[in-house]
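These notes are about the structure you will find just below.
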Amino acid sequence: MEQKKEAVYLINDERYLHLRENGAGVGFATYNKVTGEPLESGQISEKNLPPDGRNAISAARNWYLFELSDDDRKVIQQESVKILENIPQAGIGRRRIWEPETLPKDIRLINSHYDDLYRIPDGGVIQVDYPDGRSFTARVEHLDDYHFDMGCLGNVFHICQFAEVMERNHADFYPEIQTQDEQAAWELGGKGYLAIQSCEDGWDYTLYHSDYSVMDGGQLDAPELTIQEAREQILEAHHMEKGGGCCRTTMPLWIKLRKPRNGAQTIALPHWKSWQNWQVIRLRQNRLHVLRQNCEVDDAAKMEPEF
5 MEQKKEAVYL INDERYLHLR ENGAGVGFAT YNKVTGEPLE SGQISEKNLP PDGRNAISAA
65 RNWYLFELSD DDRKVIQQES VKILENIPQA GIGRRRIWEP ETLPKDIRLI NSHYDDLYRI
125 PDGGVIQVDY PDGRSFTARV EHLDDYHFDM GCLGNVFHIC QFAEVMERNH ADFYPEIQTQ
185 DEQAAWELGG KGYLAIQSCE DGWDYTLYHS DYSVMDGGQL DAPELTIQEA REQILEAHHM
245 EKGGGCCRTT MPLWIKLRKP RNGAQTIALP HWKSWQNWQV IRLRQNRLHV LRQNCEVDDA
305 AKMEPEF
């Protein structure tokens, strides 16, 4: 999976968190969703990010949410960076004119009156909720400014057509909410099931066939990810990211998640609030990184974010 270098998250439906990698770590800025007013900005030092460089944006998001933010109620949804286009301080409008190649493709989610509701990054995940309680998530792929492929298998919608279909079915649709869940299971569009739970080094998972027999399993060493992000990386690693969507299901008795290779019992960590403990472990394992950090003066916190 291609590593994100920049991302925007909608926090509690109130503010946008803009993150972008730079030479000293990840710069951040927040803006009021309704007014566009700049709220805060700063720099997250590289010493607070995974030393191997993986998932730096996700780790920076966690650092902001649980080290720099005082808000206890955290509903996180990823949107396209272009959602900030009308906020001058974000610099997206300027980049659209002078550096258009730096802005990734995205998908507009609108209502039937063409009012913008959300903008989803190309390859992002949306959730659809029906009044009868049914719900599913699916990846969306940008085709052009007015069309997208839902499920990435040729299920093409015009953005207004999709809005009309959703309204006729009284369905809600929005960027998938990133949760703090420690375990979950999904039905994979008729292709089987995926069960995930947290473990000491990240996420332990098992893939099942539709008859509940084990297909495969393993461990994803990335505790900085939410369980939804872990699901997408696992499905992509097994070439199962394309399809009719994922339906969240209850964890039935037949799902017994794979134990670590040494046979020890796994201990679930609260990924969001204790992920820093895991960072300490990873830093100890990377002696060169620790040596460098101990020998250098960290000026990153004094730097302005580079947007």
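So the sequence shown is residues 5 to 311, counted in our numbering. For each residue, glycine too, the CB sits at the ideal point set by N, CA and C.
Here's a check: name, in chain order, each residue in its chain whose Cβ is nearer than 6 angstroms to the Cβ of residue 52, leaving out the five neighbours to either side.
So the list reads 67, once near-sequence residues are dropped.
Write down every uninterrupted run of the alpha helix (DSSP H) in the segment 128-190 whose length is 4 residues or greater and which is fully enclosed by it, in chain order.
You should have 163-172.
Note the first and the last residue of the continuous beta strand (DSSP E) segment covering residue 36.
29-36
Reducing DSSP to helix, strand and coil, say where residue 91 ends up.
coil
Flag this pair as yes or no: are the beta carbons of residue 39 and residue 19 separated by less than 8 angstroms?
no
Starting from the Cα of residue 87, find the closest Cα among 11, 185, 105 and give me that residue.
11
Compare the beta carbon distance of residue 233 and residue 81 with 8 angstroms and say whether it is the shorter of the two.
no
Scan the segment 199-245 and note each continuous beta strand (DSSP E) run of 3 residues or more that stays entirely inside, going in chain order.
206-212, 218-224
In its own chain, which residues sit with a C-beta less than 8 angstroms from the C-beta of residue 37, not counting the 5 before and 5 after it?
14, 17, 18, 19, 20
Does DSSP classify residue 46 as helix, strand or coil?
Three-state DSSP puts residue 46 in a strand.
Where does residue 52 sit, in a helix, a strand or coil, going by DSSP?
helix
In whole angstroms, what is the alpha-carbon distance linking residue 119 and residue 84?
16 angstroms
So, does the segment 165-180 touch the segment 121-136, judging by three or more C-beta pairs under 8 angstroms?
yes
Would you be able to state if there are at least three C-beta pairs under 8 angstroms between the segment 192-205 and the segment 217-228?
yes
At what residue ranges does the segment 65-129 contain a whole run of the beta strand (DSSP E), taking only runs of 3 or more?
Segments of the beta strand (DSSP E) lying fully in the segment 65-129: 80-83, 110-114, 120-125.
Write down the C-beta distance between residue 65 and residue 113 rounded to the nearest angstrom, noting that I regard them as a contact closer than 8 angstroms.
So it is not a contact: roughly 21 angstroms between Cβ atoms.
Which one of 167, 149, 250, 95 has the shortest CA to CA distance from residue 111?
149
Can you tell me where the beta strand (DSSP E) with residue 10 in it begins and where it stops?
Per DSSP, the continuous beta strand (DSSP E) segment holding residue 10 begins and ends at 10-15.
Less than 8 angstroms between the CB atoms is what I'm expecting for residue 138 and residue 156, so what's the real figure, rounded?
Incorrect: roughly 21 angstroms between the Cβ atoms, too far for contact.
Measure the alpha-carbon distance for residue 100 versus residue 161 and round it to whole angstroms.
25 angstroms
Taking 6 angstroms as the limit between beta carbons, can you name the residues of its chain near residue 61, skipping five residues before and five after?
8, 11, 23
What's the gap between the Cα of residue 27 and the Cα of residue 44?
20 angstroms
Residue 91 and residue 107 - do their beta-carbons sit closer together than 8 angstroms?
no
Should residue 104 be labelled buried (16 or more other beta-carbon atoms within 10 Å of its own) or exposed?
Exposed, since its Cβ has fewer than 16 Cβ neighbours within 10 Å.
Taking its Cβ as the centre, do 16 or more other Cβ atoms sit within 10 Å of residue 41, making it buried, or is it exposed?
exposed
Just the C-alpha distance for residue 125 and residue 74, rounded to the nearest angstrom, thanks.
27 angstroms
What residues match up with residue 252 in a beta bridge as DSSP calls it?
190.
Suppose contacts are defined by Cβ-Cβ distances below 8 angstroms. Is residue 31 in contact with residue 47 by that definition?
yes
Measuring CA to CA, which of 211, 116, 145 is closest to residue 194?
211
Out of 153, 154, 25, 159, which one is the CA nearest neighbour of residue 50?
25
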